[in-house]
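Residue 130 in numbering that gives the first Met the number 0 sits at position 131 of the sequence shown; the count goes up by one each step and never skips.
Ideal placement from N, C-alpha and C gives every residue a C-beta, glycine not left out.
Remember, it's a predicted structure, so these values are computed and weren't measured experimentally.
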Amino acid sequence: MSIGTVFGERFGPILQSIGTLLSKRVLNTLSVGFYSVIILGTLALAYFNPVYNWDILAYVGIAVEDRLETAEEIHATAYGEVQEAASELQFYKVTASIPYRVGQYENPDHFVSLFPMYRVKLAYVEAIKHLGDVAGRVHATTLISTISAALVGVFVIAWSFRRNFVQGLLIIGPVSILIGYVFSAREATPDLMMAVFTLPAIYFVCREKPFFAAPFLILAFLVRPDGILLFFALLLAALAVSKYRLAYLALFIACVCLYFPVTGSAEHPGWWPHFYFSNIEYQDDMRGFNPAFDAVLFIKALLINLARTVQAYDWLMLLAVFLLGFALFIRNGFEISRGQWMAVIALTLCIGGKFVTFPLPDDRVYLPYMLPLLLVLMEIWKPEFSVAQSGTKRVS
């Protein structure tokens, strides 16, 4: 009697039982349950344990600036509302942790001078204003983050069912944490709100339905106007692989037409002053700040933030893994539609362009693009971990 026969007789029933336990239906259910736990845990953290970063002061100040007359009143209201909601330690961090924050806490005019760099995020600011009338402005930022986290989670699950990669949620859950899903949900930042719109936009890009993607792309841009990079990246990708070149050209032109009124009405100081402030040196007072462009400082900022990204953040390494996975899909003959090609090209260009033009190292900044890229790759791969499966799945 062969070893295989003996092994089969002794362990065959056990293996059959394991196969039943790890059937496709069971693993699909477990995958949804696993990802749902991550969503619910994130919502609990976002709502009951929010993080009050310095940016929340600016957003609250902007939400009340049209109702108050002086910088002193705006300053007192913003700091007062945040102090009421935050713990002593959190309030200390936003007012006294570094000399720059001490200066902002002590000088209302300096504080208000920073508003144009935040006011430009039009949809996010308007959401805070309108929700703030009902729930309070600080709590409004918590509600926006919590609702955004819920919508992102629900859409990810819906996409996985629609395109038959439910077991991919076992991978998507941990990776989404690495690219800032939980952290973004706890902070007063517009990144997760932007992801609410980039996800359906990229879904329709994959389906080659640019006019269905259009409203979501516009909304994403209104949340963060640096979303114009996605429009440009989609245009470049369309020129390379899509038959809808004119549609994406029209979308890019529409975005450019919106860009200048949005940034102009916000009195945004421009790309280089904002770049200098965020990536080179904080300025106490942004009034009249307009330094000449310096290529050496620009390259130095890129290299420093590249080093910070590699040392302390995950998005760049994950992007490399994503692209390596995509290369393996190509090599192994996975069927990749024209829309999927376009989405991968556009998102990769957008992420790279975003870092080069404004090299913030934080994972959350790239979440609105990294998460849909991950889902496109899962859609191509359709991973299955069930014991009883009929070979490798391919996506048409």
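Query: Report yes or no: do the stretch 41-52 and the stretch 186-203 share at least 3 C-beta pairs separated by less than 8 Å?; Result: yes
Query: DSSP three-state label for valine 119, please.; Result: coil
Query: Quick one: any contact between the stretch 278-298 and the stretch 328-347, if contact means 3 or more CB pairs under 8 Å?; Result: no
Query: Can you list, in chain order, the residues of its chain with a C-beta nearer than 7 Å to that of aspartate 225? Leave out the 5 residues immediately preceding and following it.; Result: Lys353, Phe357
Query: Alpha carbon to alpha carbon, how far is aspartate 361 from proline 367? Give it in angstroms, no decimals.; Result: 12 Å
Query: Going by beta-carbon coordinates alone, are valine 137 and alanine 84 separated by less than 7 Å?; Result: yes
Query: How about leucine 397 and phenylalanine 321: are their beta carbons less than 7 Å apart?; Result: Residue 397 is absent from the model: the chain starts at 0 and stops at 395.
Query: Nearest to alanine 236 by CA position, among Thr76, Ser385, Ile201, Tyr365, is which residue?; Result: Ile201
Query: Taking the Cβ atom as the reference point for each residue, do alanine 232 and leucine 348 lie within a distance shorter than 7 Å?; Result: yes
Query: With DSSP as the reference, identify every bridge partner of valine 50, one or two as the case may be.; Result: Glu186
Query: Determine the closest residue to leucine 229 out of Phe325, Ser277, Ile344, Leu142, with distance taken between C-alpha atoms.; Result: Ile344
Query: For lysine 381, tell me which candidate among Lys128, Ile171, Pro209, Tyr365 has the shortest Cα-Cα distance.; Result: Ile171
Query: Hey, could you find the ends of the alpha helix (DSSP H) proline 371 is sitting in?; Result: 362-380
Query: Using 8 Å for Cβ pairs, my map puts leucine 198 next to valine 240. What's the rounded Cβ distance?; Result: With 8 Å as the limit, leucine 198 and valine 240 do not qualify as a contact, their Cβ atoms being about 21 Å apart.
Query: Measure the alpha-carbon distance for leucine 359 versus serine 22 and round it to whole angstroms.; Result: 44 Å
Query: I'd like the list of long-range same chain contacts for asparagine 27, defined as Cβ closer than 7 Å, with 5 residues on each side in sequence excluded.; Result: Val165, Gln166
Query: Taking 7 Å as the limit between beta carbons, can you name the residues of its chain near aspartate 313, skipping five residues before and five after?; Result: Leu177, Ile178, Asp362
Query: Under 7 Å, do isoleucine 217 and tyrosine 258 count as touching if we go by C-beta distance?; Result: no
Query: Here's the rule I'm using: 16 or more other beta-carbon atoms within 10 Å means buried, otherwise exposed. How should threonine 69 be labelled?; Result: exposed
Query: Out of Ser35, Ser86, Arg100, Ala342, point me to the one whose CA is closest to aspartate 54's CA.; Result: Arg100
Query: Report all residues from its chain with a CB closer than 7 Å to the CB of tyrosine 243; omit the five preceding and five following residues, and keep chain order.; Result: Glu207, Pro209, Ala237
Query: Please go through the same chain and pick out, in chain order, the residues whose beta-carbon is closer than 7 Å to the beta-carbon of phenylalanine 328, but skip the five residues on each side of it.; Result: Ile335, Ile379, Trp380
Query: Express the C-alpha separation of serine 96 and leucine 113 in angstroms, rounding to a whole number.; Result: 18 Å
Query: In the DSSP assignment, find the alpha helix (DSSP H) that holds serine 96 and state where it starts and stops.; Result: Where serine 96 is concerned, there is no enclosing alpha helix (DSSP H), given that its DSSP letter is neither H nor E.
Query: According to DSSP, simplified to helix, strand and coil, what is proline 268?; Result: coil
Query: Along the chain, where does the alpha helix (DSSP H) that runs through tyrosine 312 open and close?; Result: No alpha helix (DSSP H) contains tyrosine 312, which DSSP labels as neither H nor E.
Query: Apart from the five residues on each side of it in sequence, which residues of its chain come closer than 7 Å, Cβ to Cβ, to isoleucine 279?; Result: Leu296, Ala300
Query: Looking at the unbroken alpha helix (DSSP H) that takes in tyrosine 243, where does it start and where does it end?; Result: That residue, tyrosine 243, is in no alpha helix (DSSP H); it is neither H nor E in DSSP.
Query: Going by other Cβ atoms of all chains shown within 10 Å of its Cβ, with 16 needed for buried, is tyrosine 34 buried or exposed?; Result: buried
Query: I'd like to know whether the C-beta atoms of glycine 60 and alanine 77 end up nearer to each other than 7 Å.; Result: yes
Query: Could you pull the start and end residues of the alpha helix (DSSP H) that glutamine 339 belongs to?; Result: 337-356
Query: With DSSP run on the structure shown, which of helix, strand or coil describes leucine 228?; Result: helix
Query: Note down the Cα distance separating serine 389 from arginine 161, rounded to an integer number of angstroms.; Result: Bear in mind that a pLDDT of 40 at serine 389, under 50, signals an unreliable position, so the number given afterwards is only what the model happens to contain. One C-alpha to the other measures close to 20 Å.
Query: Would the beta-carbon of glutamate 80 fall within 7 Å of that of isoleucine 73?; Result: no
Query: Locate the alpha helix (DSSP H) running through isoleucine 279, then write down its first and last residues.; Result: First-last for isoleucine 279: undefined, no H or E at that position.
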